[in-house]
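Taking it in order: structure first as structure tokens, then the write-up.
Numbering (this note's numbering), first residue to last: 506 to 602.
Structure, rendered in structure tokens:
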């Protein structure tokens with residue numbers, strides 16, 4: 506996760522359960538499998554900067570955005586599957602929090 510800004514603000518990656526936005530996966534036959542989980546979202550902001558190299562004159566841009574740094578992924582098993590679903594597709598990966 507990016508570093509907090511000066512003045513106490515900051516950003517964090519946290520999980521939030523969003524109704525009707527569960528994860529869904531289709532196998533090669535079009536059968537569905539899903540799971541209702543809390544999804545990782547970015548909350549807050551942090552100071553970032555960028556130096557442009559494609560414009561003249563040379564410019565510098567500063568902005569405050571939340572930019573998560575993902576170091577590990579978590580593998581989640583999809584549990585609500587249609588009959589005959591190919592279990593090889595019954596997984597998703599999401600950023601760890």
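Using N, Cα and C, we set each Cβ at its ideal position, and we do this for glycine too.
| Item | Value |
| --- | --- |
| Under 6 Å Cβ to Cβ from residue 526, same chain only, skipping five residues before and after it: list those, please. | none |
| For residue 535 and residue 594, what's the separation of their Cα atoms in angstroms? | 11 Å |
| Take residue 589 and list the residues in its own chain whose beta-carbon comes closer than 7 Å to its own, dropping the five residues that flank it on each side. | 536 |
| Which same chain residues, not among the five before or five after residue 521, have their C-beta less than 7 Å away from its C-beta? | 543, 544, 546 |
| Quick one: residues in its chain with C-beta nearer than 7 Å to the C-beta of residue 506, no 5 flanking neighbours on either side, listed in chain order? | At residue 506 the pLDDT is 39, less than 50, meaning the model places this residue with poor confidence and gives no usable figure here. |
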